[in-house]
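Structure record follows, encoded as structure tokens.
Numbering (the numbering used here), first residue to last: 20 to 181.
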């Protein structure tokens, strides 16, 4: 007899639904996700993005330029979802809700520029921060905010069986 657990097809462990705290922690700990927006054809459009999760507000923030396809699509149809992989291939979290797009940052250090600055680790040198804020204006940056109306995800706890 062996200590190895055998599973026949379809007889393995079921995914475990993640708790709200686990979902929020996973969203907070990861930095990259896949943003899903809706094309005019109704098909999904997927983009890999860097994001910031604010658990108190239940808001995902993503920096983008005003001319990106995802921004145009979200202005037309605000339905959005962010899919985030967990620490292994067996877990994930999704934050879905309606997106809003900020105004374009037009003056270095304006409200949108400061919101974008808050998504970074920050700058020790004020000159680097000033250059960053100027670049945001040159890039015509906006903030995509997804107010999460629903969080969901699962984990498959197969490592515990080994």
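Glycine included, C-beta positions come from ideal geometry on N, C-alpha and C.
- In the structure shown, the three-state DSSP call for residue 123 is coil.
- Taking the CA atoms as reference points, residue 157 sits about 13 Å from residue 131.
- In this chain, the beta strand (DSSP E) harbouring residue 53 covers 51-57.
- Annotation: the stretch 101-169 contains the following complete segments of the beta strand (DSSP E) (minimum length 3 residues), in chain order: 111-120.
- Per DSSP, the continuous beta strand (DSSP E) segment holding residue 65 begins and ends at 63-73.
- Residue 118 holds the alpha-carbon nearest to the alpha-carbon of residue 97 among 118, 50, 162, 155.
- Residue state for residue 60 is assigned as coil, using DSSP reduced to three classes.
- For residue 87, the three-state secondary structure derived from DSSP is coil.
- No Cβ-Cβ contact shorter than 9 Å links residue 72 with residue 175.
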